[in-house]
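For reference, the structure discussed in these notes is given below.
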Amino acid sequence: MRPVISLLTDFGFSDTYVGQLKAAVLRVAPDAQLVDLTHAVPAQDVRAGAFLLWTAVEAFPSGALHLAVVDPGVGSARRAVAARTHRGDVLVGPDNGLLVPALERLGGLAAAVSLTEPRFHGPRTSSTFHGRDVFAPVVGHLASGVSLEELGPSLERLEAPFSFPAPRTSDGRIEGEVLHVDVYGNLVTNVPAELLPARFDVVMGPARIRGAPHPHYQAVASGEPLALVGSAGLLEVSVRDGSAAATFGVTRGAPLHLEPTLR
Amino acid sequence: MRPVISLLTDFGFSDTYVGQLKAAVLRVAPDAQLVDLTHAVPAQDVRAGAFLLWTAVEAFPSGALHLAVVDPGVGSARRAVAARTHRGDVLVGPDNGLLVPALERLGGLAAAVSLTEPRFHGPRTSSTFHGRDVFAPVVGHLASGVSLEELGPSLERLEAPFSFPAPRTSDGRIEGEVLHVDVYGNLVTNVPAELLPARFDVVMGPARIRGAPHPHYQAVASGEPLALVGSAGLLEVSVRDGSAAATFGVTRGAPLHLEPTLR
Amino acid sequence: MRPVISLLTDFGFSDTYVGQLKAAVLRVAPDAQLVDLTHAVPAQDVRAGAFLLWTAVEAFPSGALHLAVVDPGVGSARRAVAARTHRGDVLVGPDNGLLVPALERLGGLAAAVSLTEPRFHGPRTSSTFHGRDVFAPVVGHLASGVSLEELGPSLERLEAPFSFPAPRTSDGRIEGEVLHVDVYGNLVTNVPAELLPARFDVVMGPARIRGAPHPHYQAVASGEPLALVGSAGLLEVSVRDGSAAATFGVTRGAPLHLEPTLR
Numbered sequence: 000m001r002p003v004i005s006l007l008t009d010f011g012f013s014d015t016y017v018g019q020l021k022a023a024v025l026r027v028a029p030d031a032q033l034v035d036l037t038h039a040v041p042a043q044d045v046r047a048g049a050f051l052l053w054t055a056v057e058a059f060p061s062g063a064l065h066l067a068v069v070d071p072g073v074g075s076a077r078r079a080v081a082a083r084t085h086r087g088d089v090l091v092g093p094d095n096g097l098l099v100p101a102l103e104r105l106g107g108l109a110a111a112v113s114l115t116e117p118r119f120h121g122p123r124t125s126s127t128f129h130g131r132d133v134f135a136p137v138v139g140h141l142a143s144g145v146s147l148e149e150l151g152p153s154l155e156r157l158e159a160p161f162s163f164p165a166p167r168t169s170d171g172r173i174e175g176e177v178l179h180v181d182v183y184g185n186l187v188t189n190v191p192a193e194l195l196p197a198r199f200d201v202v203m204g205p206a207r208i209r210g211a212p213h214p215h216y217q218a219v220a221s222g223e224p225l226a227l228v229g230s231a232g233l234l235e236v237s238v239r240d241g242s243a244a245a246t247f248g249v250t251r252g253a254p255l256h257l258e259p260t261l262r
Numbered sequence: 000m001r002p003v004i005s006l007l008t009d010f011g012f013s014d015t016y017v018g019q020l021k022a023a024v025l026r027v028a029p030d031a032q033l034v035d036l037t038h039a040v041p042a043q044d045v046r047a048g049a050f051l052l053w054t055a056v057e058a059f060p061s062g063a064l065h066l067a068v069v070d071p072g073v074g075s076a077r078r079a080v081a082a083r084t085h086r087g088d089v090l091v092g093p094d095n096g097l098l099v100p101a102l103e104r105l106g107g108l109a110a111a112v113s114l115t116e117p118r119f120h121g122p123r124t125s126s127t128f129h130g131r132d133v134f135a136p137v138v139g140h141l142a143s144g145v146s147l148e149e150l151g152p153s154l155e156r157l158e159a160p161f162s163f164p165a166p167r168t169s170d171g172r173i174e175g176e177v178l179h180v181d182v183y184g185n186l187v188t189n190v191p192a193e194l195l196p197a198r199f200d201v202v203m204g205p206a207r208i209r210g211a212p213h214p215h216y217q218a219v220a221s222g223e224p225l226a227l228v229g230s231a232g233l234l235e236v237s238v239r240d241g242s243a244a245a246t247f248g249v250t251r252g253a254p255l256h257l258e259p260t261l262r
Numbered sequence: 000m001r002p003v004i005s006l007l008t009d010f011g012f013s014d015t016y017v018g019q020l021k022a023a024v025l026r027v028a029p030d031a032q033l034v035d036l037t038h039a040v041p042a043q044d045v046r047a048g049a050f051l052l053w054t055a056v057e058a059f060p061s062g063a064l065h066l067a068v069v070d071p072g073v074g075s076a077r078r079a080v081a082a083r084t085h086r087g088d089v090l091v092g093p094d095n096g097l098l099v100p101a102l103e104r105l106g107g108l109a110a111a112v113s114l115t116e117p118r119f120h121g122p123r124t125s126s127t128f129h130g131r132d133v134f135a136p137v138v139g140h141l142a143s144g145v146s147l148e149e150l151g152p153s154l155e156r157l158e159a160p161f162s163f164p165a166p167r168t169s170d171g172r173i174e175g176e177v178l179h180v181d182v183y184g185n186l187v188t189n190v191p192a193e194l195l196p197a198r199f200d201v202v203m204g205p206a207r208i209r210g211a212p213h214p215h216y217q218a219v220a221s222g223e224p225l226a227l228v229g230s231a232g233l234l235e236v237s238v239r240d241g242s243a244a245a246t247f248g249v250t251r252g253a254p255l256h257l258e259p260t261l262r
């Protein structure tokens with residue numbers, strides 16, 4: 000079976016960096032099945048990259064490889080790492096927090112190593128493109144059967160310089176915030192489905208969205224706001240046939256709260 | 000031989016939705032050959048998606064699978080469908096008109112089913128992402144040899160809530176409109192090659208483009224307009240080394256007409 | 000082993016042109032491993048495409064196929080060509096200079112042919128989309144074992160209507176220019192690593208960047224400029240955690256010079 004390798008970077012689409020990354024994987028593992036998650040992480044925004052990686056990894060088959068590169072510290076003392084989850088997936092990237100939420104979503108850290116063995120790196124070396132010269136060749140070797148332990152000395156833990164804000168409960172209401180605005184202008188919040196009351200209103204600045212959770216987008220009239228559990232298992236605020244981000248003038252970090260209501 | 004699966008959505012490139020869609024196909028059919036048609040269909044613009052799908056399917060080998068998701072009605076009562084063409088291709092997506100023009104281009108509907116069999120759906124369910132949770136797993140199963148008939152009850156026909164405007168002939172002239180503006184600013188019209196006079200002028204608002212059809216872009220001087228049969232088999236208006244959309248200030252829906260001329 | 004085929008075009012992402020190109024390759028070589036380099040070459044900018052292709056080809060395994068289409072002369076008398084390098088790679092595209100720098104990077108021209116044999120072209124013909132109708136089928140046949148020599152009559156040389164400006168040495172200083180601005184706003188210059196003094200300043204308009212070459216981005220404080228050898232082996236000017244293009248208001252073609260300094 001062909002190994003599945005996901006790719007997430009902030010390399011964009013107008014240079015050839017993503018293509019060079021893939022070429023470096025395929026030099027070692029020519030049969031790999033490469034899947035782009037996104038390459039439009041805002042430049043050097045490790046936290047945004049970590050969120051996007053977290054949203055996607057669960058959709059992959061167990062044992063998949065995930066290569067993620069958002070790496071403002073490239074070339075400096077930050078470590079390059081590979082980490083195996085309890086489910087058997089392996090994530091590869093810089094040790095700057097990028098991989099940590101996804102690791103936790105996949106069952107937590109089972110083993111990790113520092114990628115110091117040069118024989119598993121590429122033929123070129125640069126101080127600016129470890130994606131091509133370190134991470135991608137390592138992923139190729141993992142896809143070809145090299146074990147994690149051969150890649151370098153083991154690590155007890157990864158760096159975790161940030162975490163996503165958890166929702167808080169206060170005075171019977173749930174306080175959260177917007178973690179991500181997606182392509183449709185949906186506001187993806189940090190409130191997981193498990194925490195939601197049976198019926199509630201969402202209050203965001205001066206706006207109140209009544210009757211949540213809505214079953215689907217068509218439960219309200221065109222142009223009206225709604226709130227439902229989105230595909231990541233988090234509460235999302237949307238506008239039917241429109242953009243909630245534009246309607247409410249809201250971006251990442253905006254606060255909101257939920258008020259439980261009677262039926 | 001590896002099954003070829005095309006993908007067309009309005010998911011954009013900045014989220015991980017396309018990656019999750021592909022992961023859900025590969026969970027079932029790890030050997031599939033996935034080909035992106037585009038993921039930049041304007042958000043929820045079913046009609047634009049239908050046009051773009053129509054432009055592309057004929058380039059694929061017979062028997063290809065086509066997964067298309069532009070789905071503002073996701074989670075509501077709209078059906079999820081798979082449809083086989085007389086040529087043997089299978090299209091999968093929402094029953095909202097998105098698939099219909101492509102179906103017709105590939106020889107017309109041979110059989111269709113409603114995707115109600117949950118054993119061919121994915122392990123997660125959501126009310127917002129049937130691409131990942133219904134359509135992609137179904138495509139994976141089709142690629143792995145499951146027959147269309149197993150996926151759910153058969154349908155007599157698909158919904159066809161819209162169609163592309165046909166050109167009209169009036170007073171000896173052909174009246175058409177712009178269906179699509181491409182990346183170069185070319186104006187793709189609804190006038191097929193078969194309908195074109197031997198020689199004609201194109202009149203669009205105050206502009207008149209003489210001497211059509213032109214054999215290729217270099218038949219006029221740089222910066223000059225021209226009209227030729229484009230790669231979709233439709234008349235296109237272009238500007239050499241420039242953008243016809245910008246030059247003429249024209250967008251989708253703009254009317255134009257053709258006047259036959261003597262040689 | 001699956002043949003690796005890279006793809007570089009100016010087709011963008013909002014049409015289905017790239018998908019049609021891939022479909023045309025897969026019709027002939029269904030098992031190919033397709034790798035996008037970029038499809039965001041500025042429309043019809045052959046020179047920019049040639050630079051981007053040049054940056055990427057070396058990352059691929061020897062014997063890879065490279066399909067490049069930036070082709071304002073499509074349909075006119077310009078030739079369609081395939082060219083083999085001394086390393087064994089094959090490049091396919093229009094004979095307008097697009098392929099030449101990459102060919103030279105891969106060891107230079109070993110053999111070239113004009114793609115005039117219609118039996119290796121696709122089933123459709125158009126005057127606007129030789130990517131789908133000529134180049135992609137030819138690449139598919141090459142991937143399937145057809146030899147270069149079968150594709151058409153051999154050529155002594157390719158057209159080379161432009162070349163990248165070489166840096167000049169004058170009065171002990173090295174004068175260069177910006178060849179490319181990348182997604183991060185890094186200014187990629189035409190000065191190769193081999194030409195750099197041990198220590199130098201970079202002077203660009205009124206700005207002077209001292210202490211180059213810097214070992215990595217973190218060698219300066221956040222927001223400060225630096226200069227280092229980038230992943231293409233060329234001197235790049237960057238701003239840590241920022242954009243050099245925005246900081247200096249600089250675009251492609253901007254001049255700069257290097258002044259050697261004592262340690």
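The listed protein sequences correspond, in order, to chains B, S and D. Each residue of the first sequence is one higher than the one before, starting from 0 at the first, in numbering that gives the first Met the number 0. Each residue of the second sequence is one higher than the one before, starting from 0 at the first, in numbering that gives the first Met the number 0. Each residue of the third sequence is one higher than the one before, starting from 0 at the first, in numbering that gives the first Met the number 0. Beta carbons: idealized from backbone N, C-alpha and C, even for Gly. For clarity, every value in this text was computed on a predicted model and none was experimentally measured.
Chain order gives the chain S residues near Ser5 of chain B as Gly18, Ala22, where near means a beta carbon separation below 8 Å. Beta-bridge partners assigned by DSSP to Arg207 of chain D: D:Val202.
Residue nearest to Leu234 of chain B within the set S:Glu149, S:Arg118, S:Thr127, S:Lys21 is S:Thr127 (criterion: CA-CA distance). Excluding sequence positions up to five before and after Leu194 of chain B, its CB lies within less than 7 Å of the CB of Pro166, Ile173, all in the same chain and listed in chain order. Identification of chain B residues near Gln32 of chain D by a Cβ-Cβ cut-off of 7 Å yields Leu25, Pro29, ordered along the chain.
In this structure, Asp94 of chain S and Val73 of chain S do not form a Cβ contact; the two beta carbons are roughly 12 Å apart against a cut-off of 8 Å.
By the Cβ neighbour-count rule, Ser230 of chain B is buried, with 16 or more other Cβ atoms within 10 Å of its own.
For Gln19 of chain S, the secondary structure class from DSSP, reduced to helix, strand or coil, is helix. Look at the region 217-231 of chain D: the residues with a C-beta under 7 Å from a C-beta of chain B are Gln217, Leu227, Gly229, Ser230. Close to Pro212 of chain S, with beta-carbon spacing below 8 Å, lies no residue of chain B; the smallest spacing is near 34 Å.
Thr168 of chain D has D:Ile173 as its beta-bridge partners, per DSSP. Interface with chain D (8 Å Cβ-Cβ cutoff): Arg251 of chain S is excluded. Sequence-distant Cβ neighbours of Arg86 of chain S in its own chain, meaning closer than 6 Å and more than five residues away, are Ser61, Leu105, Gly106. Boundaries of the beta strand (DSSP E) around Ala67 of chain D: 64-68.
Distance check between Val34 of chain B and each of B:Phe59, B:Val40, B:Ala23 places B:Phe59 closest, using alpha-carbon atoms only. Counting every other CB atom within 10 Å of its CB across the protein chains shown gives Arg118 of chain D a total below 16, marking it as exposed. The shortest CA-to-CA distance from Leu227 of chain D to any of D:Val238, D:Thr84, D:Pro214 is the one to D:Pro214. Shown here, Gly92 of chain B sits in a strand according to DSSP, grouped into three states. Between Ala244 of chain D and Val180 of chain D, the C-beta gap is smaller than 8 Å, which places the two residues in contact. Cα atoms of Arg131 of chain B and Leu7 of chain B: separation of roughly 13 Å, rounded to the nearest angstrom.
For Ala111 of chain D, the enclosing beta strand (DSSP E) begins and ends at 108-113. For His256 of chain D, the enclosing beta strand (DSSP E) has its first and last residue at 254-259. The Cβ-Cβ distance between Gly175 of chain B and Asn189 of chain B falls below 8 Å.
Pairwise C-beta distances place the region 197-204 of chain B in contact with the region 245-262 of chain B, as three or more of them are shorter than 8 Å.
Annotated three-state conformation of Asp132 of chain S is helix, per DSSP.
Phe199 of chain D is outside the set of residues whose beta carbon lies under 8 Å from a beta carbon in chain B. Within chain S, no C-beta atom comes less than 7 Å from the C-beta of Thr8 of chain D; the nearest is roughly 10 Å away. Counted as a single uninterrupted DSSP element, the stretch harbouring Thr54 of chain B is not any beta strand (DSSP E) but the alpha helix (DSSP H) occupying residues 45-55. The closest CA to that of Pro100 of chain B, considering only B:Ala135, B:Leu51, B:Asp14, is found on B:Leu51. For Pro160 of chain B, the closest of B:Ser143, B:Leu102, B:Leu97, B:Lys21 by C-alpha to C-alpha distance is B:Leu97. Ala28 of chain B and Gly144 of chain B have their alpha carbons spaced roughly 10 Å apart. Taking the Cα positions, Asp9 of chain D is about 28 Å away from Arg123 of chain B. Closer than 8 Å to the CB of Ser125 of chain S there is at least one CB belonging to chain B. According to DSSP, residue pairing for Asp35 of chain D in a beta bridge involves D:Leu6. Here the alpha carbons of Phe12 of chain S and Arg251 of chain D stand approximately 26 Å from one another. Non-local C-beta neighbours of Tyr16 of chain D in its own chain, meaning closer than 6 Å and more than five positions away in sequence, comprise Phe10, ordered along the chain.
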